[in-house]
Each structure stands twice: as structure tokens, then as C-alpha cells.
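Quick note: the sequence shown, position 5, residue 131 per my numbering, numbers continuous.
All C-beta atoms in this analysis are idealised placements derived from N, C-alpha and C, irrespective of residue type, glycine included.
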Amino acid sequence: MEDLDQAWRLSQALATAVLMPDAIRGKPSDVLALLLYGQDLGLSPMQAIQGIYVVKGKPQLSGTTWIALARKAGHKVRILESTDERCTVEITRADDPGHPHRETFTLQDAARAGLCHIKDGKAFLRDKNGNPLPWEAYTRTMLRNRAISSGAKIACPEVALGFGVEGDYDFIADAAAVITDPEVVEAEPVDPEKVAEEIGNIAAQFTVDEPVDAEIVEAAPSADYVCETCGAVSDHFEDECPDGSRG
Numbered sequence: 127m128e129d130l131d132q133a134w135r136l137s138q139a140l141a142t143a144v145l146m147p148d149a150i151r152g153k154p155s156d157v158l159a160l161l162l163y164g165q166d167l168g169l170s171p172m173q174a175i176q177g178i179y180v181v182k183g184k185p186q187l188s189g190t191t192w193i194a195l196a197r198k199a200g201h202k203v204r205i206l207e208s209t210d211e212r213c214t215v216e217i218t219r220a221d222d223p224g225h226p227h228r229e230t231f232t233l234q235d236a237a238r239a240g241l242c243h244i245k246d247g248k249a250f251l252r253d254k255n256g257n258p259l260p261w262e263a264y265t266r267t268m269l270r271n272r273a274i275s276s277g278a279k280i281a282c283p284e285v286a287l288g289f290g291v292e293g294d295y296d297f298i299a300d301a302a303a304v305i306t307d308p309e310v311v312e313a314e315p316v317d318p319e320k321v322a323e324e325i326g327n328i329a330a331q332f333t334v335d336e337p338v339d340a341e342i343v344e345a346a347p348s349a350d351y352v353c354e355t356c357g358a359v360s361d362h363f364e365d366e367c368p369d370g371s372r373g
């Protein structure tokens, strides 16, 4: 591709192809970005589409693409060990063959980095629906990609400067949920005597006064009150008049 117009027309045509990955199908702008990334790395358009993808706005290469580029540059890449627990990669630069670089990435490293959890000695990572995510489903591959990424960035960064390797940006914390069995907590038996003692200690903190009989005070007539029955002044109320029968 010698000019942007040619690249754009090619991107529009490729974006409609059924063979395109779902993430870029129908998105010519994204296809164009991949083609330009690939051109910087010396990849053909189809190699770029299959070997480069963008995660969180950052380009990353598949593990096999990074190895291919390193070997194309003349460097030697060897996988010395690859299991579900660890992977060791050895990269020997073409201009420094006497000092190969070895990089090991373990399952414990992945757990410390927050990429996955370890349950029963194995990688464990599920989505919100309980389905295994790549770190659980393809543990060996993910460990290998990480070992390649870490080793290549030190041994031969010029091969793909600015690119991550497959798995570098795949983990999105807020999209993953760890599914674990609920914790069962057994209730301790209740001792009735202990409960009664505690209630007594609480009650002792409060002082309750003994009940006091209220003094009953009878009302008295005012100084100018005149009983209409007997005419007594300020002596008694009319309904208490001793001569009330006379009325």
C-alpha cells in the first residue's frame, strides 16, 4: 500500500468479508488501523488482520506472531518448558549469541498480577455467568504468551516496539467475577445460664427507684366562695354542704 486512499479502499472491501474476525467485521476504520500496524511490522494485510488485535485501545500480537517476527529478525526463540504451572522461554539475539535471555512466568506470577486466581492448585477465573475465561480454559497457552511477552520486551524490543503480546491486556477486572462456593458458618450453641448472667449484668447498670404513694390533696374553696345552700363563706363547696338536704 503506497497511499492512504488505496489502504482505505482495501479496508472497506475487507470489512465486509465473512472471514473477518467479529470484532472488526463491518468496521473499515478498525481494519485500516490493523493494516497500518501490520505495515509497520512488515506483515501482509491478511497477516496483520489475523495476527494483530486491539485491547483497551492498545495493539497486541498473538504469541505466534511475535515469535515469527523475532525469528524473522534473526533471533532464536526456544520454549524450554511449558506446563499448566509454568513456562520458560529462551531468546538468543543474533548480535549477541553468547548471552541468551531466559524468562519464566508461573501460575503464581499470574495470580500476583491479578490475571487469575488459584483454586486447588489450578488457574481459576470465571465470568459473571460462571463460564471459564481464557486463563482458566487455556492456562498453558496464556502462561506461554506471558513468558514470550516478558522475554521479548527485554531481549529484542525492537522487533515489535509498542506492541503487547496476546494476553497482556485481555484481563478486564470489572468484567470478571470469581465464582466460589458459599462459606458455611456454623452458629455456636447458646448457653441459657450465660445469657441470664449477661442480662443480669446489663440490668445492674440501671437504677430503678422504689414506687412512692402519691399524696392526694383535696381542693379547697376560695376565700370569696359562698355556698348557696347555707350561705357559708369559704368553708365548703355547695355539693359538700351539710345542709344540702334543706334544698
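| Asked | Found |
| --- | --- |
| Opposing strand residues paired with Thr191 [DSSP bridges] | None; Thr191 has no bridge partner. |
| Cα-Cα separation between Cys367 and Ala358, rounded to whole angstroms | 9 Å |
| Beta-carbon proximity check, Ala174 vs Leu160, cutoff 9 Å | yes |
| Lys254, DSSP secondary structure in three states | coil |
| CB contact check: Leu158 to chain B, cutoff 9 Å | Looking at the structure shown, chain B is missing, and only one protein chain is on hand. |
| Start and end residues, beta strand (DSSP E) containing Glu366 | Premise fails: Glu366 is in no beta strand (DSSP E) and is neither H nor E. |
| Beta-carbon proximity of Val144 to Ile150, cut-off 9 Å | no |
| Anticipated Cβ contact below 8 Å, Ile178 with Ala278, distance rounded | About 15 Å; that fails the 8 Å criterion. |
| Distance between Ala236 and Ala303 (C-alpha atoms, nearest Å) | Residue placement at Ala303 is poorly supported in this model, since its pLDDT is 38, which falls under 50; the coordinates are not used for a value here. |
| Paired residues, beta bridge with Lys245 - DSSP | Lys248 |
| Alpha-carbon spacing of Gln132 relative to Gly256, whole angstroms | 45 Å |
| Terminal residues of the alpha helix (DSSP H) in which Lys182 lies | It is not in any alpha helix (DSSP H) - Lys182 carries neither H nor E in the DSSP assignment. |
| Rounded C-alpha distance that separates Ala346 from His362 | 7 Å |
| Neighbour-count burial assignment, Ala301, 16 or more Cβ in a 10 Å radius | With a pLDDT of 40 at Ala301, under the threshold of 50, the modelled position of that residue is not reliable, and the figure given next carries that caveat. Under this definition Ala301 is an exposed residue. |
| Spatial neighbours of Gln138 in its chain, beta-carbon cut-off 6 Å, leaving aside the 5 residues before and after | Pro154 |
| Distance between Pro258 and Ile280 (C-alpha atoms, nearest Å) | 31 Å |
| Any non-hydrogen atom of the ligand MN within 8 Å of Pro347 CB | Absence of the ligand MN is noted for the structure shown, with no ligands found whatsoever. |
| Among Trp134, Lys182, Met146 and Ser188, the one whose alpha carbon lies nearest that of Leu162 | Trp134 |
| Pair within 9 Å by beta-carbon distance, Thr232 and Arg212 | yes |
| Straight-line gap, Gly200 to Lys184 (C-alpha atoms, nearest Å) | 26 Å |
| For Val180 and Asp148, the rounded distance between their alpha carbons | 13 Å |
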